[in-house]
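Number of protein chains: 2
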Amino acid sequence: MREYYTITELTREFGVSTRTIRFYEDEGLIKPVRRGRTRLFRPSDRVLLKQILRGKRLGFSIAEIKEIIEVYRAPSGEEGQIKLMIARIDEKRNELEQKRRDIEETMREMDAAEENCIERLAELRVSQ
Amino acid sequence: MREYYTITELTREFGVSTRTIRFYEDEGLIKPVRRGRTRLFRPSDRVLLKQILRGKRLGFSIAEIKEIIEVYRAPSGEEGQIKLMIARIDEKRNELEQKRRDIEETMREMDAAEENCIERLAELRVSQ
DNA sequence: TCCTGAATTGACTTTTACGTAAATCATTTA
DNA sequence: TAAATGATTTACGTAAAAGTCAATTCAGGA
Numbered sequence: 000m001r002e003y004y005t006i007t008e009l010t011r012e013f014g015v016s017t018r019t020i021r022f023y024e025d026e027g028l029i030k031p032v033r034r035g036r037t038r039l040f041r042p043s044d045r046v047l048l049k050q051i052l053r054g055k056r057l058g059f060s061i062a063e064i065k066e067i068i069e070v071y072r073a074p075s076g077e078e079g080q081i082k083l084m085i086a087r088i089d090e091k092r093n094e095l096e097q098k099r100r101d102i103e104e105t106m107r108e109m110d111a112a113e114e115n116c117i118e119r120l121a122e123l124r125v126s127q
Numbered sequence: 000m001r002e003y004y005t006i007t008e009l010t011r012e013f014g015v016s017t018r019t020i021r022f023y024e025d026e027g028l029i030k031p032v033r034r035g036r037t038r039l040f041r042p043s044d045r046v047l048l049k050q051i052l053r054g055k056r057l058g059f060s061i062a063e064i065k066e067i068i069e070v071y072r073a074p075s076g077e078e079g080q081i082k083l084m085i086a087r088i089d090e091k092r093n094e095l096e097q098k099r100r101d102i103e104e105t106m107r108e109m110d111a112a113e114e115n116c117i118e119r120l121a122e123l124r125v126s127q
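Protein chains in written order, with numbering that gives the first Met the number 0: chain L, 0 to 127; chain H, 0 to 127.
Pasting the structure below:
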């Protein structure tokens, strides 16, 4: 495992701009260490970036991604805090399940659309 | 099946504002009929709205949703057109499959986070 | 007929998530 | 040591997706 990544290494690996990565730092999602002014990204920062981009692909906002990342972290409080955390996890899970249903429905309609196309192709070949 | 829905009926059913629905009309996603100036939404418009909101939940932009809705419609061209349509459907399906993988990964991390919480709770009870 | 509540239009505003440009600083290479 | 290369900061710009507000219009009921 590499110790550090530079910002451009990450931009190349994930296909995002430096502006984007710095923006995520401004928003408090990643906290790379510094050597002078230069940012050094640890493997854990890289994992965070991966999680952020995954959240983005699912249509979560930065604020929502922040929440998701927070629940990943081990809980440190007393009973009440931890129970609250479990409730938040369940909530996020419900959102994900909704997205899953949305995907299944969209997939089904795509299947229907494709079958439709294939049928049309067959018709065209017969009528020629 | 109802013949027409008013705009406010749809806002209530789907929890969106009239502005939102009119915005989708401006973007060419829905085309309700008119009685005078008043919009009348047919069941097919309602289905379209449902599809739009589903796309939104999955993080698709208006432009992408437009594309998706277009591929749902029966293809009317000649062979080349239809084959192109099939290619576009496959592309969208790939995007959906990526989202599906993203959901599964996120779910797994949620599970781990929750187990972590439960473990912490057990520890707290033992140490009391 | 008058009023009230809905709906429409148009314009301006806001939020989110970056893009872009300019100036500065640091480091490596010739 | 000069030049090129890469990173940083600051600040303004922008596109998308609505929100908000004001002025109108219109249909239906008392």
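Where a beta carbon is used, it is the ideal one built from N, C-alpha and C, also for glycine. Values in this document were obtained by computation on a predicted structure and should not be read as measured data.
- In this structure the segment 80 to 90 of chain H does not touch the segment 49 to 62 of chain L; the number of beta carbon pairs closer than 8 Å is below three.
- With the criterion set as a beta carbon lying under 7 Å from some beta carbon of chain H, the members of the segment 90 to 107 of chain L are Lys91, Arg92, Leu95, Gln97, Lys98, Arg99, Asp101, Ile102, Glu104, Thr105 and Met106, in sequence order.
- L:Met106 and H:Leu95 have their C-alpha atoms spaced approximately 8 Å apart.
- DSSP places L:Leu39 in the uninterrupted beta strand (DSSP E) bounded by Thr37 to Leu39.
- Within chain H, the C-beta atoms nearer than 7 Å to that of L:Ala112 come from Val70, Tyr71 and Ile88, in chain order.
- The distance from the Cβ of H:Ala112 to that of L:Tyr23 is about 21 Å, inconsistent with a contact at the 8 Å cut-off.
- Note: H:Arg34 is bridge-paired with H:Thr37 in the DSSP secondary-structure output.
- Taking CB atoms only, H:Gly58 has a neighbour in chain L less than 7 Å away.
- Shortest Cα-Cα distance from L:Arg33 to any of L:Leu9, L:Lys55 and L:Thr5 involves L:Thr5.
- Taking a contact as a CB-CB distance under 8 Å, the pair L:Glu63 and L:Gly76 does not count as one, their CB atoms being some 22 Å apart.
- Ranking H:Leu9, H:Arg18 and H:Ile102 by CA distance to the CA of L:Leu57 puts H:Ile102 first.
- Chain H places a beta carbon closer than 7 Å to that of L:Glu78, counting this residue as a contact.
- Here H:Tyr4 is bridged, per DSSP, to H:Phe40.
- When the Cα atoms are used, L:Tyr3 and L:Phe40 turn out to be separated by approximately 5 Å.
- By the Cβ neighbour-count rule, H:Asp44 is buried, with 16 or more other Cβ atoms within 10 Å of its own.
- Of all residues in the segment 8 to 31 of chain H, none is placed with a Cβ closer than 7 Å to any Cβ belonging to chain L.
- Within chain H, the residues Pro74 and Ile81 have their CB atoms less than 7 Å from the CB of L:Arg119, given in chain order.
- The DSSP-derived three-state label of L:Val15 is coil.
- Going by C-alpha positions, H:Ile61 is about 39 Å away from H:Cys116.
- At a cut-off of 7 Å, the C-beta of H:Arg53 has a neighbouring C-beta in chain L.
- Take the alpha-carbon of L:Pro74 and the one of H:Gly27: they are about 47 Å apart.
- The alpha carbon of L:Glu114 has as its nearest neighbour, out of H:Ala86, H:Ile29, H:Arg21 and H:Thr19, the alpha carbon of H:Ala86.
- The alpha-carbon of L:Asp110 is positioned some 39 Å away from that of H:Gly35.
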